[in-house]
Structures are given as structure tokens and as C-alpha cells.
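Colleague:
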Amino acid sequence: QKEVEQDPGPLSVPEGAIVSLNCTYSNSAFQYFMWYRQYSRKGPELLMYTYSSGNKEDGRFTAQVDKSSKYISLFIRDSQPSDSATYLCAMSLNSGGYQKVTFGIGTKLQVIP
Amino acid sequence: DAGVTQSPTHLIKTRGQQVTLRCSPKSGHDTVSWYQQALGQGPQFIFQYYEEEERQRGNFPDRFSGHQFPNYSSELNVNALLLGDSALYLCASSAADRGLNGYTFGSGTRLTVV
């Protein structure tokens, strides 16, 4: 079993839809939870960064963490064609005094005009 | 303010050859991490450099080695290339006192081994 599970998609939605992206994890030692956006032929770009269970909102993006269920989500409201990209969840834990980051496989999202 | 710069952007090598990839971190960052991203996969951690020393390493063989220079730039070296080494190699820089919140990736070097 992988430490971080993420559905690769692809996920196609119409412009303006609410998008829900999810990851599950097995290691309860994960402390920090992140969502990255990766456009084709580019490096990942940090979107959201959370530590505790609950919700964190930034503009059209909301990150949700449920540590009891080992489940994290990213919601995108009023989705735009420019949101079309691959979304990677990432989690980290303290390993020997340093943060070890583990990424999901990424979900490919296409927002259709 | 330049972000993370990686060179070259694309590279084609023959099986058995050696390759060196380069990374210049974002201004103000002193820590460099290298990742391998195979097609359709998430990034896999290779190693991290701080103060010119390797301080963390992922599950990669000794064929993968690195170096960090006094100006914080870094190189990734891969010896005896295998077809399976074909991937996007990403460099991420950060400031040691900011942790993961300031983690910034470059656009990567796409390596093809034939």
C-alpha cells in the first residue's frame, strides 16, 4: 500500500463548476499537508499549506484536512479553464530532524469552457 | 527576483553514459532538494543539500550523487544511466528557517535515456 493515494483522473468539469480533489494517507505521523498545481512542462507550484485538521481558505481554493480519517481535500470554486493542470497532494513528517515530503501521483484536471 | 533556475531544460543521453544537471536556488534560499518525476507519477525525493552537505537521502542508488557549492547552487550527477532514469528532474529550494511553506520548484530538466 502506498503511503499517499490519489486518483490520477483525468477529471473533466465545465467552467464554473466546483471541483473536489482528494487524497488518503496511511501514515499517521504526517504533520503538514500541501497542495501543488503543476502545469504541463512546468515544476509544481505551492497552492495551499496546512498543519492542523480543519479548513483553510485562499480565494477560490479551500483545503480541508481530516486527520482522524487520514483524508485531505482541495476544493476549487468557480473553476476556470486556467485551472486546468495536474494537482498534487503532498505530506510531510519529521525524519531525523528534517521534513520528509511524500507526494501523491497527481490528479489531472481539465476545465472545459 | 529570479526563482529556481535549472539547466539544461532538455537532455538526451545514451544508456551507460553519465549526466550532470544544475540548479540555482531562489534568492535567499540555502537548501536544495532534488526530485525525480517519472511520466504520470508524483515527484520522488532523491536527496537534499544544506551547508554543502547531503543531509537527507531517498531510496535511490549510489549512481545518483550531488553537490552543493558555497553560493548554494547544486548539481545532480547520475552515472551509468539506465533507460528507467528517463524522467523530469526537479530541483526545489527553500530557506532553512522557513520550512516547507517556502518550498519553490524549478521547471525541471527532462532527461531522456535511449
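Those protein sequence lines, which keep their order, are chains A and B. With the working numbering as the guide, the letters of the first sequence map in order to residues 70 to 182. With the working numbering as the guide, the letters of the second sequence map in order to residues 309 to 422. Glycine is no exception: its CB is placed at the ideal position from the N, C-alpha and C atoms.
In chain order, what residues of the same chain have a beta carbon less than 6 Å from the beta carbon of B/L384, not counting five sequence neighbours either side?
Modeller: Looking up residue 384 of chain B in the second sequence gives position 76. Contacts found: L329, W342, G374.
Colleague: Is the Cβ of A/I145 closer than 9 Å to any Cβ of chain B?
Modeller: Working through the first sequence from its first residue, we reach residue 145 of chain A at position 76. Answer no: the Cβ-Cβ gap between A/I145 and chain B never drops below 9 Å.
Colleague: Assign A/R146 to one of two classes, buried (16 or more other C-beta atoms within 10 Å of its C-beta) or exposed (fewer than that).
Modeller: As a first step, residue 146 of chain A must be located in the first sequence, where it is residue number 77. A/R146 is exposed by the Cβ-count criterion.
Colleague: Starting from B/A400, follow the beta strand (DSSP E) in both directions and report where the run begins and ends.
Modeller: In the second sequence, residue 400 of chain B corresponds to position 92, counting from 1. It spans 395 to 402 - the beta strand (DSSP E) in which B/A400 sits, taken as one unbroken run.
Colleague: Do A/F130 and A/Y183 count as a contact pair if the criterion is CB distance below 9 Å?
Modeller: Residue 183 of chain A lies beyond the range of chain A shown here (70 to 182); nothing can be said about it.
Colleague: By the three-class DSSP mapping on this structure, what secondary structure does A/L162 have?
Modeller: The sequence position of residue 162 of chain A within the first sequence is 93, counting from 1. Three-state result, A/L162: strand.
Colleague: I want to verify the contact list: residues of chain B whose CB lies under 7 Å from the CB of A/F172, in sequence order.
Modeller: As a first step, residue 172 of chain A is located in the first sequence; it is residue number 103 there, counting from the start. Ordered by position in chain B, the residues that pass the 7 Å Cβ test against A/F172 are G350, P351.
Colleague: Which chain A residues are close to B/R365, counting only those with a beta carbon under 9 Å from its beta carbon?
Modeller: In the second sequence, residue 365 of chain B corresponds to position 57, counting from 1. In chain A, no part has a C-beta under 9 Å from the C-beta of B/R365; the shortest such distance is about 10 Å.
Colleague: Let me make sure I understand the geometry here. Which of B/S335, B/D393, B/F355, B/S415 has the alpha-carbon closest to that of A/K169?
Modeller: Taking the first sequence and counting its residues from 1, one reaches residue 169 of chain A at position 100. Per the Cα distances, B/F355.
Colleague: Since B/F413 meets chain A, which of its residues come closer than 9 Å, beta carbon to beta carbon?
Modeller: If you number the second sequence from 1, residue 413 of chain B lands on position 105. Within 9 Å of the CB of B/F413, the CB atoms of chain A belong to Y105, Q107, K111, G112, P113, E114, L115, in sequence order along the chain.
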